[in-house]
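Colleague:
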Amino acid sequence: MSGGAFLLLTLLGATVAYGVHAASGRPAWGRAGTLLAALAWLVLTTGLVTRGLRAGHWPLTTRFEFALATVWATLPLYLCLERSAGTRQGGASVLLLVSLLALWAARQPAVEQALRPLPPALRSGWFPLHVGCSAVAYGAFIVAGGLGATYLVSEWLTARGLTETRLASPDQTVYLIWRAAGMGFPWLTLGMLTGAIWAQVAWGRYWAWDPKESWTLITWLTWLITLHGWGLRGWRGRRTAQLAVLGLLVTWFTFMGVGWLVRALRLESVHIF
Amino acid sequence: MLRVWFHKGWRTLSQLRLAVILLALILAVIFVGTLLPQFPHHIEPAHIDYTKTSWAADWWSAVQARYGVLYAPLRALGLFDLFGSLWFQGLVALLALSTTACLLNRLGPLARVALRPRVHLPRERFERATLRAGLAFPSPQAAESALVTSLKRRRYTVHVERDAQGRHLRADRHRLLRLGTLLSHFSLIALLLAAAYGGLTGWRTSAIEATSDRPVPVGHGTGVWLRCDDLQVLRYADGTPQDYRAHVTLTDDDGRTLTEGVVRVNGPLSYAGVGYYLRGYRIGDGGCRVTLQAVHDPGFGPVIAAGLGLFLGVTLTFYFPHRRIWARIGPSGETTLVGSSAWDQERFARQFARLAAELQEKAV
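Chains as they are written, first to last, in my numbering: chain X, 4 to 276; chain Y, 114 to 477.
1. Counting only Cβ pairs nearer than 9 Å, list the residues of chain Y close to X/A105.
2. In angstroms, rounded to a whole number, what distance separates the CA positions of Y/Y389 and X/L14?
3. Kindly indicate if chain Y contains any beta-carbon less than 8 Å away from that of X/S27.
4. In angstroms, rounded to a whole number, what distance separates the CA positions of Y/R395 and Y/V378?
5. Please check if any C-beta of chain Y sits within less than 8 Å of the C-beta of X/I221.
6. Mind reading off the beta-carbon distance from Y/P230 to Y/R283? Whole number of angstroms is fine, and I expect it under 8 Å.
7. Could you tell me whether the region 104-114 of chain X touches the region 182-198 of chain X, where touching means 3 or more Cβ pairs closer than 8 Å?
8. Using beta carbons (cut-off 8 Å, strictly below), is X/E149 in contact with chain Y?
9. Within this structure, are the beta carbons of X/G36 and X/A20 separated by less than 8 Å?
10. State buried or exposed for X/Q203, treating a residue as buried only when at least 16 other CB atoms are found within 10 Å of its CB.
11. Going by DSSP, which residues form a beta bridge with Y/R402?
12. Go ahead and label Y/S174 buried or exposed: buried means 16 or more other beta carbons lie within 10 angstroms of its beta carbon, across all protein chains shown.
13. Do you know how far the Cα of Y/L195 is from the Cα of Y/H333?
14. For Y/Q406, which residues in chain X fall below 7 Å Cβ to Cβ?
15. Mind checking the region 122-147 of chain Y against chain X and listing, in chain order, the residues whose C-beta falls within less than 7 Å of any C-beta there?
16. For a test of the three-state rule: what should DSSP assign to X/H60, helix, strand or coil?
17. Using Cβ-Cβ distances below 7 Å, what residues of the region 456-469 of chain Y are close to chain X?
18. Is the region 29-48 of chain X touching the region 91-105 of chain X, taking contact as three or more C-beta pairs under 8 Å?
19. Suppose you measure from the CA of Y/A106 to the CA of Y/A277; what does that come to, to the nearest Å?
20. If contact means a Cβ-Cβ distance below 8 Å, which residues of the region 353-364 of chain Y contact chain X?
21. Run down chain Y in chain order and give the residues with a C-beta less than 7 Å from the C-beta of X/T225.
22. Could you tell me the distance, in whole angstroms, from the CA atom of X/V101 to the CA atom of Y/Y357?
23. Give the residues from the region 366-379 of chain Y that approach chain C closer than 9 Å (Cβ to any Cβ), ordered along the chain.
24. Which residues does DSSP pair with Y/L382 in a beta bridge?
25. Can you check which of these residues, X/G128, X/L45 and X/T166, is closest to X/T79 by C-alpha distance?
26. For Y/P415, which three-state DSSP category applies?
27. Are the beta-carbon atoms belonging to X/T254 and X/T222 less than 8 Å from one another?
28. Looking only at its chain, what residues have a beta carbon closer than 6 Å to the beta carbon of X/H133, apart from the 5 residues adjacent to it on each side?
29. Between the Cα of Y/V329 and the Cα atoms of Y/Q128, Y/V403 and Y/A170, which residue gives the shortest distance?
30. With contact counted as at least three CB pairs below 8 Å, one residue from each stretch, are the region 320-329 of chain Y and the region 337-352 of chain Y in contact?
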């Protein structure tokens with residue numbers, strides 16, 4: 004079995020274990036989910052280090068590598084939050100999102116997955132910093148969005164009488180959403196800052212309103228609104244969960260959708276090639 | 114009357130709800146800006162030949178052909194140059210104003226909390242506190258000693274005051290870091306101002322075709338001429354480009370050399386506050402022929418400094434929440450302990466419970 008297949012199986016196993024834990028409330032399944040998630044992280048760490056050593060540069064240059072780096076960042080962020088909060092209720096949705104991302108990476112064409120030498124524009128120390136920070140931020144936003152989905156799903160199930168009690172404690176879930184968003188926000192800020200420095204060094208312009216840059220700013224603003232909502236009356240609850248899911252969708256679009264948008268609307272972009 | 118209006122306006126401006134509405138509006142406008150082609154004076158795509166005097170007219174003609182009857186109203190609304198439009202910039206300016214009002218309103222209270230901690234907490238605050246624990250120590254000295262030891266081990270800064278009513282204790286974790294939120298808001302305003310300053314005072318040339326035949330002027334009052342001496346295209350073993358290195362010489366009006374050096378894609382040449390960037394090259398007619406762009410942006414340094422301040426501010430806010438614990442120790446050792454956290458109440462509640470349990474053991 005290849006390392007990629009083993010990683011996928013481990014992630015899917017963790018998703019199932021967390022799911023059973025959420026549905027049955029049995030702690031053993033939750034612990035199994037944690038163990039499998041930690042194992043997946045170790046496997047991915049080994050894979051990324053090996054890939055980086057073989058390539059001779061940070062494995063952060065293609066969308067395939069970025070997706071794996073985001074998976075790599077999401078797992079420890081979620082596990083830290085899980086340990087700190089003492090609950091595994093959000094594990095199923097977070098691991099499901101992570102598994103889907105890993106699956107998307109695995110389905111990328113061979114040319115995208117192949118090791119490539121760095122083109123001149125990417126030969127900058129600012130580039131891996133920019134991409135690495137963004138991957139960590141996206142990881143935290145996956146955790147926040149996954150928890151938001153957990154909140155909304157459990158509310159929906161409870162409203163229809165499908166479960167006697169909510170799957171997750173609503174107050175705690177909202178708090179964890181906010182904490183995960185707060186963990187990711189500084190990383191996104193740093194990612195944008197290092198990206199701006201790189202753009203200035205490479206092209207003499209730190210901000211060009213390129214569609215990719217604009218969507219990164221949209222992502223930043225969405226999470227900024229989510230974080231500011233904590234101070235508004237009536238926002239700590241379902242609205243925070245809805246904003247987190249929206250934030251996740253915006254983050255996803257910034258990563259995967261902007262290329263499609265640029266091509267579909269024939270826009271100018273130096274990020275899409 | 115004017116004063117009343119000013120106060121009303123100021124109160125509205127500093128409201129968090131208005132800030133959130135402005136952020137949402139700006140987000141919506143940027144979203145629209147990504148759905149329509151934007152006049153390429155920011156992006157500068159490679160396929161546009163900026164040396165042609167008609168490039169702008171050509172671009173507008175292409176957009177007109179594409180959007181037909183919608184072209185005129187969309188252009189009148191500034192939607193093809195959204196980020197340069199006055200109304201978008203006005204919206205951003207309003208956000209800066211709202212952030213300034215919010216910052217000034219919070220400056221005093223936050224500075225007091227961070228810089229002048231109040232050790233003596235009024236009785237009603239003890240009664241209203243959500244996190245509270247009652248402990249009975251054999252003596253006030255034992256209570257103070259146990260509290261100070263436990264809190265210092267948790268890296269709290271502890272202050273104790275004594276008066277006729279008993280002993281008052283206050284402990285803080287990350288107290289000064291509470292100012293992080295002020296730093297982030299101040300930095301955001303500074304960033305917007307720095308970007309505006311750079312936009313107003315900076316300049317950039319269009320593409321400059323530098324050759325080895327004769328120097329070309331940079332313009333913009335620099336008195337600098339550019340000459341390309343040599344171009345190297347380094348390739349990997351598989352033939353793909355690894356790096357482009359143009360050796361360039363900068364001369365003055367009289368042909369005297371000012372400086373010379375290599376310009377790479379990620380390595381511009383800087384001289385007298387102007388950066389020279391490699392935008393393209395042409396090989397084939399023997400000599401060196403490269404496309405360069407000269408950029409003078411005095412706003413870049415301040416923008417990055419403000420951006421670092423913003424990053425630092427949000428990091429302090431979200432990673433180092435301010436935690437406060439107060440204790441009132443009575444003459445016979447009876448102690449009430451209360452605590453609060455800037456936003457991290459959930460996690461802090463668990464830590465507070467652990468602290469209370471530990472102290473309970475010592476009290477017994």
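Beta carbons are placed, not taken as given, at the ideal position from N, Cα and C, and that holds for glycine.
Modeller: Inspection of the coordinates gives the following:
1. Within chain Y, no residue comes near X/A105; the closest Cβ sits about 27 Å away, beyond 9 Å.
2. 48 Å
3. no
4. 15 Å
5. yes
6. 6 Å
7. no
8. In the sequence as presented, Glu is not what sits at residue 149 of chain X; that position holds Gly. It does not; no Cβ of chain Y falls within 8 Å.
9. yes
10. buried
11. Y/T324 and Y/R395
12. exposed
13. 27 Å
14. G207
15. L129, R130, A132, V133, L136, A137, I139, L140, I143, F144, G146 and T147
16. coil
17. W456, E459 and R460
18. yes
19. Past the boundaries of the shown model lies residue 106 of chain Y; chain Y is included only from 114 to 477, so the question cannot be answered.
20. T353, P354, Q355, D356 and Y357
21. L140
22. 39 Å
23. You won't find chain C in this structure, because its protein chains are X and Y.
24. Y/Y389
25. According to the sequence as given, residue 79 of chain X is Pro; it is not Thr. The residue with the shortest Cα to Cα distance from X/P79 is X/L45.
26. helix
27. yes
28. G194, T197, G198 and W201
29. Y/V403
30. yes
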